[in-house]
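First comes the structure, then the notes that go with it.
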Amino acid sequence: MDPLGVAGPTPGQARGRGWRRSSPGLYVPAEVPPQVEQRVLEASCRLRGAGAVTGWAALRLHGCGYLDGRDTDGRPLPVPLVVPPEVHLRTWPGTVVHRGRLPADEVGVRWGVPCTSPSRALFDAARTAPSVREAVVVVDTAAAAGVVDLASFATWAAQRQRWPGGAQVRQACSLAVERSLSPYETRLRLVWVLDAGYPTPLCNWPVTDADGRRLGRPDLVCPGLGTFGELDGADHRTGRQHAVDVARVGGVHRHRPRGVRRGRARRGPLPRAGGADARGGCAGAGQHSAAYLRPAARPGAAVRPTSGRERRAGVH
82 MDPLGVAGPT PGQARGRGWR RSSPGLYVPA EVPPQVEQRV LEASCRLRGA
132 GAVTGWAALR LHGCGYLDGR DTDGRPLPVP LVVPPEVHLR TWPGTVVHRG
182 RLPADEVGVR WGVPCTSPSR ALFDAARTAP SVREAVVVVD TAAAAGVVDL
232 ASFATWAAQR QRWPGGAQVR QACSLAVERS LSPYETRLRL VWVLDAGYPT
282 PLCNWPVTDA DGRRLGRPDL VCPGLGTFGE LDGADHRTGR QHAVDVARVG
332 GVHRHRPRGV RRGRARRGPL PRAGGADARG GCAGAGQHSA AYLRPAARPG
382 AAVRPTSGRE RRAGVH
């Protein structure tokens, strides 16, 4: 606030409808929409030069467009802040404060906001995730966005395995891949591997027939079993996206391998019972189908965005 109303609202103005309180002593014009980046910026103003934004919020600013600041039920996630142990900063609605070691080389500035480095941000996000599966989701997302190199991050995180949550990060790294194109593809893969008991599939990998003709690029494919998996969420049911999906895997269908499709009508975790569905849907996949599904020797990039804006937004 500013008694003169120059650098901010006067006390009287702050009590009116034209301003909303973002944190103690700080106000934002009421018409400013609470978009994800705006929430992160407002939370960072509480740091006052000590600490940084971390976790999903820092990863968002580093380029992980799929981390939209909402949980699997669509509720807003608090913006995580990390401060040195000697700094006393209480949690405020919309934020969560962590105290811990914060080396200078793990802090930088991104879009004017003090943020932890990509590796530290991912480490914090994965170790505080509600489950190993959700930790894998965030590691997959960061790797697919090119924010971290998966192998390098796993090595970096292994040096911090004694930190709280370090074991969960290590387990998540062992299950993560770099070719998952969305959080729900990751969740489908984990149902495939952890619940159905299938071998780890290839993700968004082109497959060919025995003569080398390209058949398509399923979300998941296990050529040795002649099986594939497709995510069929609500956003895949529009005419345009459905046409893209059909073109992408049409050749695979024509060779009659066994497949699994998982629908998603809303946000939320895929039910673990899907493992039984997967086993049932692919029961009997044999050598006839497997002989026609061969992984391409050079898969190319899993993501082919057409612009930098789409790349930042996670479009595929």
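Going letter by letter, the sequence shown gives residues 82 to 397 in the working numbering. Don't be surprised by glycine CBs; every beta carbon is placed ideally from N, CA and C.
What residue range is occupied by the uninterrupted alpha helix (DSSP H) comprising residue i?
i, result
"Gly99", "Neither: Gly99 is in no alpha helix (DSSP H) and is coded neither H nor E."
"Tyr265", "264 to 271"
"Val121", "117 to 125"
"Val250", "247 to 256"
"Trp137", "136 to 143"
"Gly93", "92 to 95"
Given a cut-off of 8 Å, decide if residue j and residue i are closer than it, judged by their beta-carbon atoms.
i, j, result
"Ser261", "Asp221", "yes"
"Leu170", "Arg127", "yes"
"Val228", "Gly146", "no"
"Leu162", "Val178", "yes"
"Ala377", "Thr289", "yes"
"Glu266", "Leu231", "no"
"Ala277", "Ala253", "no"
"Ala131", "Thr197", "no"
"Asp292", "Leu269", "no"
"Gly150", "Arg141", "yes"
"Arg295", "Pro245", "no"
"Val113", "Val134", "no"
"Tyr108", "Gly89", "yes"
"Gly99", "Pro115", "no"
"Gln242", "Arg251", "yes"
"Pro166", "Gly189", "no"
"Pro199", "Ala223", "yes"
"Arg375", "Pro304", "yes"
Name the residue from the options whose alpha carbon lies nearest to the alpha carbon of residue i.
i, options, result
"Gln119", "Gly193, Asp154, Asp230, His179", "Gly193"
"Trp173", "Ser125, Arg156, Ala235", "Ser125"
"Val117", "Asp186, Asp152, Ala216, Val168", "Asp152"
"Arg214", "Gln242, Leu256, Ala223, Val188", "Leu256"
"Val258", "Trp286, Ala248, Gly246", "Trp286"
"Glu123", "Gly97, Ser212, Thr176", "Thr176"
"Leu203", "Leu283, Val160, Trp100, Trp137", "Trp137"
"Ala248", "Ala210, Ser233, Ala223", "Ala210"
"Tyr279", "Gly310, Gln94, Ser263, Arg298", "Gly310"
"Ser263", "Pro304, Val219, Val302", "Val219"
"Gly297", "Pro380, Ala225, Ala226", "Pro380"
"Leu148", "Ser233, Ala226, Leu306, Phe234", "Ala226"
"Val160", "Ser233, Gly97, Pro195, Leu283", "Pro195"
"Ser104", "Arg129, Gly97, Pro84, Gln94", "Arg129"
Between which two residues does the beta strand (DSSP E) harbouring residue i extend?
i, result
"Gly297", "295 to 297"
"Pro110", "107 to 110"
"Val398", "In this structure the chain extends from 82 to 397, so residue 398 is not present and cannot be described."
"Cys303", "301 to 303"
Since residue i contacts residue j with CB under 8 Å, what's their CB separation in whole angstroms?
i, j, result
"Val274", "Thr281", "6 Å"
For chain D, is any of its Cβ atoms less than 8 Å away from the one on residue i?
i, result
"Val213", "Going by chain labels, chain D is absent from the structure shown, which holds only one protein chain."
Closer than 7 Å to a non-hydrogen atom of the ligand NAD - does that hold for the CB of residue i?
i, result
"Leu269", "You won't find the ligand NAD in this model; it holds no ligand whatsoever."
Please give the ranges of any beta strand (DSSP E) in the segment 168 to 245, keeping only runs that are unbroken, at least 3 residues long and fully inside the region. Runs found: 176 to 180, 188 to 191, 194 to 197.
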